[in-house]
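Number of protein chains: 2
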Amino acid sequence: MSEQKNVAIIGAGLVGSGWALVFARAGYTVRIHDPSEAIRDGFMQWAEDSVPELAAEGLIDDGAGVLARLTVCEELQQAVSDAGYIQESVFETVETKTDVSLAIDAAMSPDAMVGSSSSGIPASRFTENCRNRTRFLIAHPVNPPHLVPVVELVPAPWTDPKVVTQTRAIMEDVGQVPVSLTREIDGFVLNRLQGALLNEAWALYEEGYATLEDIDATVAHGLGLRWAFMGPFETIDLNAPKGIVDYAERLGGMYYNMATQRSPKPWDPDSITRAGEVCRQTLPESDLASRRAWRDATLTRLARFKKDNGLSR
Amino acid sequence: MSEQKNVAIIGAGLVGSGWALVFARAGYTVRIHDPSEAIRDGFMQWAEDSVPELAAEGLIDDGAGVLARLTVCEELQQAVSDAGYIQESVFETVETKTDVSLAIDAAMSPDAMVGSSSSGIPASRFTENCRNRTRFLIAHPVNPPHLVPVVELVPAPWTDPKVVTQTRAIMEDVGQVPVSLTREIDGFVLNRLQGALLNEAWALYEEGYATLEDIDATVAHGLGLRWAFMGPFETIDLNAPKGIVDYAERLGGMYYNMATQRSPKPWDPDSITRAGEVCRQTLPESDLASRRAWRDATLTRLARFKKDNGLSR
Numbered sequence: 000m001s002e003q004k005n006v007a008i009i010g011a012g013l014v015g016s017g018w019a020l021v022f023a024r025a026g027y028t029v030r031i032h033d034p035s036e037a038i039r040d041g042f043m044q045w046a047e048d049s050v051p052e053l054a055a056e057g058l059i060d061d062g063a064g065v066l067a068r069l070t071v072c073e074e075l076q077q078a079v080s081d082a083g084y085i086q087e088s089v090f091e092t093v094e095t096k097t098d099v100s101l102a103i104d105a106a107m108s109p110d111a112m113v114g115s116s117s118s119g120i121p122a123s124r125f126t127e128n129c130r131n132r133t134r135f136l137i138a139h140p141v142n143p144p145h146l147v148p149v150v151e152l153v154p155a156p157w158t159d160p161k162v163v164t165q166t167r168a169i170m171e172d173v174g175q176v177p178v179s180l181t182r183e184i185d186g187f188v189l190n191r192l193q194g195a196l197l198n199e200a201w202a203l204y205e206e207g208y209a210t211l212e213d214i215d216a217t218v219a220h221g222l223g224l225r226w227a228f229m230g231p232f233e234t235i236d237l238n239a240p241k242g243i244v245d246y247a248e249r250l251g252g253m254y255y256n257m258a259t260q261r262s263p264k265p266w267d268p269d270s271i272t273r274a275g276e277v278c279r280q281t282l283p284e285s286d287l288a289s290r291r292a293w294r295d296a297t298l299t300r301l302a303r304f305k306k307d308n309g310l311s312r
Numbered sequence: 000m001s002e003q004k005n006v007a008i009i010g011a012g013l014v015g016s017g018w019a020l021v022f023a024r025a026g027y028t029v030r031i032h033d034p035s036e037a038i039r040d041g042f043m044q045w046a047e048d049s050v051p052e053l054a055a056e057g058l059i060d061d062g063a064g065v066l067a068r069l070t071v072c073e074e075l076q077q078a079v080s081d082a083g084y085i086q087e088s089v090f091e092t093v094e095t096k097t098d099v100s101l102a103i104d105a106a107m108s109p110d111a112m113v114g115s116s117s118s119g120i121p122a123s124r125f126t127e128n129c130r131n132r133t134r135f136l137i138a139h140p141v142n143p144p145h146l147v148p149v150v151e152l153v154p155a156p157w158t159d160p161k162v163v164t165q166t167r168a169i170m171e172d173v174g175q176v177p178v179s180l181t182r183e184i185d186g187f188v189l190n191r192l193q194g195a196l197l198n199e200a201w202a203l204y205e206e207g208y209a210t211l212e213d214i215d216a217t218v219a220h221g222l223g224l225r226w227a228f229m230g231p232f233e234t235i236d237l238n239a240p241k242g243i244v245d246y247a248e249r250l251g252g253m254y255y256n257m258a259t260q261r262s263p264k265p266w267d268p269d270s271i272t273r274a275g276e277v278c279r280q281t282l283p284e285s286d287l288a289s290r291r292a293w294r295d296a297t298l299t300r301l302a303r304f305k306k307d308n309g310l311s312r
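Have a look at this one:
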């Protein structure tokens with residue numbers, strides 16, 4: 000099916016732009032549409048700046064070819080009509096996602112699939128009235144998707160299971176790492192795991208056990224190192240002589256006990272204010288953008304490191 | 000104080016052995032004692048095998064010098080008597096830690112400091128009857144300490160605050176990343192953060208939202224990448240246009256809502272059994288040791304990557 004090598008990107012902000020590179024570097028023909036003229040006009044310049052950086056790190060082989068496969072379309076319909084797969088990354092409100100999903104629905108081939116980059120709103124809340132609603136699902140990336148490969152695939156109750164299977168195959172084909180959820184849940188897997196850790200981190204900070212910097216250092220120079228290439232289950236599987244069952248027998252009780260010491264609590268407003276002061280003292284608001292660029296450059300080098308060491312998938 | 004450059008390692012299993020390298024590569028004179036003759040006899044061979052591997056990755060400059068600074072002592076007293084800092088890493092039961100702490104206490108200089116590698120038992124449970132109990136604290140590393148730099152410093156109620164400050168200075172001097180807790184809490188910071196994430200991971204697995212492999216992939220190819228060089232607070236600080244306060248306003252409610260959907264629950268026995276089957280199918284028990292060696296080799300290369308990219312401290 001030649002359509003499968005034609006991809007549409009609807010919404011070309013930070014997330015959608017990254018998606019465009021993901022598909023183009025894997026050899027797909029990519030048509031990009033954004034409702035904003037300014038974003039449409041800026042896209043190719045962004046791509047021309049980004050592609051050489053990725054090529055320099057060995058993460059793109061044929062930069063000119065990648066750029067040649069990218070086309071910006073003024074109309075949504077132009078981008079969508081020939082696409083086998085459509086990645087939607089528009090502003091995350093139910094209203095916007097509903098409107099854009101209906102527009103995609105009207106223009107798409109009934110054989111096409113539509114993945115939404117939604118990080119929290121499940122597909123059941125904005126695809127119910129689509130004619131092709133069995134072809135819609137969540138395909139939630141981490142930002143930026145061309146540097147962090149995981150993609151959560153979350154079906155709505157009416158999503159055709161074959162659409163999940165086929166989207167998973169496409170994600171593997173383009174070098175992303177798909178993760179399949181069997182059904183919808185708030186926060187999906189990634190943000191539930193992040194949230195559990197964040198809730199505990201905020202509680203420890205509020206109770207004064209350690210400074211913000213030291214809690215961060217515990218992860219950045221400790222806990223996070225193995226998690227950069229092994230998941231939490233494999234980590235504990237290697238941390239007891241006989242593996243994960245042995246670990247659960249030794250330490251499951253301790254972790255359960257910790258859980259019983261906490262009850263759900265909103266993040267403390269005073270702690271948030273203090274944290275904001277600490278963060279802005281280290282990094283003024285005007286430097287946030289350059290720090291994000293540093294983060295992305297670091298993620299680029301880390302992706303190269305993982306590739307060189309056989310740690311990618 | 001010349002004593003400060005003399006360090007004693009009491010208990011030379013995996014953790015203690017790593018500690019010996021930490022201090023020796025930083026120029027300290029290290030005396031190692033373990034109650035087991037077999038461990039004492041094996042230590043230098045292990046060091047002679049490990050040092051060239053670290054040198055090959057550029058993590059040790061002068062391998063011969065490092066080895067020359069290591070001495071195995073038959074008696075605990077020989078190791079301890081001249082030491083300015085003593086790192087205890089014996090078997091983690093209250094009884095063993097109590098006995099060994101009392102033996103160290105009897106042999107140490109009253110100016111020395113004693114850090115215990117205890118990963119869970121707080122110092123108040125095994126140092127109360129030490130004459131020099133104000134000089135004892137927890138200095139909890141991640142295994143192996145010569146590859147993962149974080150060290151949690153946790154005082155007992157009677158630990159002299161200056162001992163925490165001075166131990167922190169020593170840890171910084173040897174290139175570790177110390178994290179100071181103001182007081183004792185079960186699991187300290189690192190295992191509380193790990194536990195929060197693990198409890199959620201087990202719940203998602205038990206409820207059938209995703210496979211073990213996919214939950215692991217969510218971290219290893221997504222969530223864990225930024226955490227390998229930035230903590231959870233810095234991560235969210237960069238994930239909203241105006242920083243951490245902005246992030247908390249946008250998403251704090253979502254994370255609180257997730258917390259309200261969970262109540263404390265022991266890890267499910269059936270899920271543990273299933274997880275064990277999945278893990279042993281991928282990696283037979285007989286291959287656990289070689290997989291651990293692979294993990295440590297990968298951590299070594301990651302440490303080098305971080306050093307080369309200015310991501311260490």
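Chains D and V, in that order, give the protein sequences.
Throughout the first sequence, residue numbering follows numbering that gives the first Met the number 0, covering 0 to 312 in sequence.
Throughout the second sequence, residue numbering follows numbering that gives the first Met the number 0, covering 0 to 312 in sequence.
By construction, the Cβ of each residue, glycine as well, lies at the ideal position given by its N, Cα and C atoms.
Original post:
So which of D/Ala-219, D/Ser-100, D/Val-244 and D/Glu-47 has the shortest CA-CA distance to D/Met-112?
Top reply: It is D/Ser-100.
Original post:
Do you know how far the Cα of D/Leu-211 is from the Cα of V/Leu-237?
Top reply: Distance from the CA atom of V/Leu-237 to the CA atom of D/Leu-211, rounded to whole angstroms, is 15 angstroms.
**OP:** Could you name the residues of the stretch 81-112 of chain D whose beta carbon sits closer than 9 angstroms to any beta carbon of chain V, in the order they occur along the chain?
**Re:** So nothing in the stretch comes that close.
Subject >> CB contact check: D/Trp-293 to chain V, cutoff 7 angstroms >> reply: Output row for D/Trp-293: interface = no.
Original post:
Which residues in chain D sit within 8 angstroms of V/Glu-73, going by Cβ to Cβ distance?
Top reply: What V/Glu-73 touches in chain D: nothing, since even the nearest Cβ is about 28 angstroms away.
Subject >> chain D contact for V/Cys-129 (CB, 7 angstroms cutoff) >> reply: No Cβ of chain D is located within less than 7 angstroms of the beta carbon of V/Cys-129.
**OP:** Decide if the stretch 182-189 of chain D is in contact with the stretch 150-165 of chain V; the criterion is three or more beta carbon pairs, one per stretch, under 8 angstroms apart.
**Re:** In short, these stretches do not touch, since the Cβ pair count stays below three.
**OP:** Note down, in chain order, every chain V residue with its Cβ under 7 angstroms from the Cβ of D/Gly-207.
**Re:** Correct list: Thr-181.
Subject >> chain D contacts from the stretch 256-277 of chain V (Cβ-Cβ distance under 8 angstroms) >> reply: Residues are counted here when their Cβ sits less than 8 angstroms from a Cβ of chain D; for the stretch 256-277 of chain V these are Asn-256, Met-257, Ala-258, Thr-259, Gln-260, Arg-261, Pro-263, Lys-264, Pro-265, Trp-266, Ile-271, Thr-272, Ala-274 and Gly-275, given in chain order.
Subject >> Interface flag, D/Leu-53 vs chain V, CB-CB below 7 angstroms >> reply: Chain V, which has no Cβ nearer than 7 angstroms to the Cβ of D/Leu-53, makes this no.
Original post:
Name the chain D residues that come within less than 7 angstroms of V/Gly-174, Cβ to Cβ?
Top reply: The contacting residues do not exist; V/Gly-174 stays about 11 angstroms from chain D at best.
Original post:
Which class does V/Ser-179 belong to by DSSP, given the choice of helix, strand or coil?
Top reply: Correct three-state label for V/Ser-179: strand.
Subject >> Alpha carbon of D/Asp-172 to alpha carbon of D/Ala-25, nearest angstrom >> reply: Note on geometry: alpha-carbon atoms of D/Asp-172 and D/Ala-25 lie some 8 angstroms from one another.
Original post:
Mind listing which residues of the stretch 213-224 of chain V have their C-beta closer than 7 angstroms to chain D's C-betas, in chain order?
Top reply: Residues of the stretch 213-224 of chain V with a C-beta atom less than 7 angstroms from some C-beta of chain D are Asp-213, Ile-214, Asp-215, Ala-216, Thr-217, Val-218, Ala-219, His-220, Gly-221, Leu-222, Gly-223 and Leu-224, listed in chain order.
**OP:** Sort D/Asp-213, D/Val-277 and D/Ser-262 by Cα distance to V/Gly-242 and report the nearest one.
**Re:** Taking V/Gly-242 as reference, the option from D/Asp-213, D/Val-277 and D/Ser-262 with the minimal CA-CA separation is D/Val-277.
Subject >> Between the CA atoms of V/Val-6 and V/Ala-155 - distance to the nearest angstrom >> reply: The straight-line gap from Cα to Cα measures roughly 22 angstroms.
Subject >> Rounded C-alpha distance that separates D/Arg-167 from V/His-220 >> reply: A straight-line Cα-Cα distance of about 15 angstroms links D/Arg-167 and V/His-220.
Original post:
So D/Val-178 and D/Arg-312 are in contact, right, with Cβ under 8 angstroms, and what is the actual spacing, rounded?
Top reply: Cβ atoms of D/Val-178 and D/Arg-312 stay farther apart than 8 angstroms, at about 11 angstroms.
Original post:
Name the DSSP bridge partner or partners of V/Val-149?
Top reply: DSSP lists V/Val-176 as partners of V/Val-149.
Subject >> V/Phe-22 - DSSP class collapsed to helix/strand/coil >> reply: For V/Phe-22, the secondary structure class from DSSP, reduced to helix, strand or coil, is helix.
Subject >> the stretch 40-51 of chain V / the stretch 297-308 of chain D touching (three or more Cβ pairs under 8 angstroms) >> reply: Inter-segment contact for the stretch 40-51 of chain V and the stretch 297-308 of chain D is absent: fewer than three beta-carbon pairs are separated by less than 8 angstroms.
**OP:** List the residues of chain V whose Cβ lies closer than 8 angstroms to the Cβ of D/Glu-284, in chain order.
**Re:** Below the 8 angstroms Cβ cutoff, chain V contributes Lys-241 and Gly-242 as neighbours of D/Glu-284, in chain order.
**OP:** For V/Arg-303, decide whether its Cβ has a neighbour in chain D, counting only Cβ atoms nearer than 7 angstroms.
**Re:** No, its Cβ sits nowhere closer than 7 angstroms to a Cβ of chain D.
Original post:
chain D beta carbons: is any one of them nearer than 7 angstroms to that of V/Ser-254?
Top reply: This sequence places Tyr at residue 254 of chain V; Ser is not what is there. So yes, V/Tyr-254 belongs to the interface.
**OP:** Out of V/Met-107, V/Pro-144, V/His-145 and V/Gly-119, state which residue places its alpha-carbon closest to the alpha-carbon of V/Thr-133.
**Re:** Comparing alpha-carbon positions, the option among V/Met-107, V/Pro-144, V/His-145 and V/Gly-119 lying closest to V/Thr-133 turns out to be V/Met-107.
Original post:
Is the stretch 121-141 of chain D in contact with the stretch 81-96 of chain D, if contact means three or more CB pairs nearer than 8 angstroms?
Top reply: The stretch 121-141 of chain D, when compared against the stretch 81-96 of chain D, does touch it at the 8 angstroms Cβ threshold.
**OP:** Could you run through the stretch 141-152 of chain V and flag, in chain order, every residue whose CB is less than 9 angstroms away from some CB of chain D?
**Re:** Against chain D - using a Cβ distance shorter than 9 angstroms - the residues of the stretch 141-152 of chain V are Val-141, Asn-142, Leu-146, Val-147, Pro-148, Val-149, Val-150 and Glu-151.
Subject >> Neighbour-count burial assignment, D/Gly-10, 16 or more Cβ in a 10 Å radius >> reply: Its Cβ being crowded by 16 or more others within 10 Å, D/Gly-10 is buried.
Subject >> DSSP-derived helix/strand/coil call for D/Val-89 >> reply: Under the three-state reduction of DSSP, D/Val-89 is assigned to coil, being neither helix nor strand.
Original post:
Can you find at least 3 beta carbon pairs, one from the stretch 84-91 of chain V and one from the stretch 56-71 of chain V, that sit closer than 8 angstroms?
Top reply: Flag = no, the stretch 84-91 of chain V and the stretch 56-71 of chain V do not touch.
**OP:** With 7 angstroms as the threshold, decide whether the Cβ of V/Ala-138 is near any Cβ in chain D.
**Re:** Chain D, which has no Cβ nearer than 7 angstroms to the Cβ of V/Ala-138, makes this no.
Original post:
Exposed or buried, V/Pro-144, counting other C-beta atoms within 10 Å across all chains shown (16 or more means buried)?
Top reply: By the neighbour-count criterion, in which 16 or more other beta carbons inside 10 Å mark a residue as buried, V/Pro-144 falls on the buried side.
Original post:
Is the stretch 244-253 of chain V close to the stretch 217-233 of chain D, with three or more CB pairs under 8 angstroms?
Top reply: Flag = no, the stretch 244-253 of chain V and the stretch 217-233 of chain D do not touch.
Subject >> chain D contact for V/Val-178 (CB, 7 angstroms cutoff) >> reply: Cβ-Cβ to chain D under 7 angstroms: yes for V/Val-178.
**OP:** Mind checking who V/Asn-5 pairs with in its DSSP beta bridge?
**Re:** Under the DSSP definition of a beta bridge, V/Asn-5 partners with V/Thr-28.
Original post:
By how many angstroms is the C-alpha of D/Ala-105 removed from the C-alpha of D/Trp-226?
Top reply: Each residue's alpha carbon lies about 42 angstroms from the other.
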